[in-house]
Amino acid sequence: MNIQLKPVTRDNWEEVINLKVKESQRHFVPSAAVSLAKVYIKPDGEQVEYIPFSIYDHDRMVGFIMHAYEEGTVNMYWINGFIIDEKFQRSGYGRAGLNEMINWIKNKFPICKEIRLTVHKDNHYARDLYNSFGFLPTGEVWGDEEVFYFEVKRSF
1 MNIQLKPVTR
11 DNWEEVINLK
21 VKESQRHFVP
31 SAAVSLAKVY
41 IKPDGEQVEY
51 IPFSIYDHDR
61 MVGFIMHAYE
71 EGTVNMYWIN
81 GFIIDEKFQR
91 SGYGRAGLNE
101 MINWIKNKFP
111 ICKEIRLTVH
121 KDNHYARDLY
131 NSFGFLPTGE
141 VWGDEEVFYF
151 EVKRSF
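Reminder that position 115 of the sequence shown reads as 115 in full-length UniProt numbering, one-by-one numbering, no gaps.
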């Protein structure tokens with residue numbers, strides 16, 4: 001497995017929007033098309049920047065993940081729109097993709113002390129994955145989703 005995050009571009013966006021999760025998971029996460037729309041629409045406000053990535057294993061696209069952040073903050077670094085295509089689930093790509101995203105955020109934003117995400121209360125696979133990385137609930141609930149945080153530890 002050779003996982004890489006690559007920006008979504010005019011060369012790969014159509015492949016990205018064709019990624020699908022299993023039918024039973026579709027109400028847990030937005031489609032990649034909805035996530036990509038957020039880049040332009042900015043539903044969380046003008047201060048939020050969105051960076052969408054496709055997740056590749058060598059030259060094969062296996063998923064999508066997006067980073068959203070507010071410049072100059074220490075705890076407004078978000079992972080959202082995270083999906084692994086149904087053909088590639090249960091193969092370690094979720095763990096590998098999440099690990100790459102966490103490392104990318106840590107390296108790109110040295111000020112970051114906390115990475116956040118939301119997870120649907122019934123999405124047990126995602127909850128288990130996030131818990132295994134050390135994500136913990138903040139106590140905030142947004143509709144059917146709980147907000148989780150990951151404390152960024154740095155070695156100097």
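Just so it is clear, CB atoms sit at the ideal spot from N, CA and C, and this is done for glycine as well.
- Message: Cutting at 6 Å between CB atoms, please list the residues of its own chain near residue 28, excluding the five before and the five after it.
- Response: Contacts found: 120, 123.
- Message: In the DSSP output, which residue or residues are listed as bridge partners for residue 66?
- Response: Residue 66 is bridged to 52, 80.
- Between the C-alpha atoms of residue 76 and residue 69, what's the straight-line distance to the nearest angstrom? Each residue's Cα considered, the two are about 5 Å apart.
- Query: From what residue to what residue does the beta strand (DSSP E) around residue 147 run?
  - Reply: From DSSP, the beta strand (DSSP E) with residue 147 extends over 145 to 151.
- Message: Can you look up residue 100 in the DSSP assignment and give me helix, strand or coil?
- Response: Of the three classes helix, strand and coil, the one that applies to residue 100 here is helix, per DSSP.
- Taking only the alpha-carbon atoms, compute the straight-line gap between residue 73 and residue 110 and give it to the nearest angstrom. Here the alpha carbon of residue 73 sits roughly 11 Å from the alpha carbon of residue 110.
- From what residue to what residue does the beta strand (DSSP E) around residue 3 run? 3 to 7 is the extent of the beta strand (DSSP E) around residue 3.
- Query: Based on the DSSP output, what are the partners of residue 115 in its beta bridges?
  - Reply: Its beta-bridge partners are 77, 150.
- Query: Which same chain residues, not among the five before or five after residue 140, have their C-beta less than 8 Å away from its C-beta?
  - Reply: Excluding sequence neighbours, residue 140 sits near 146, 147.
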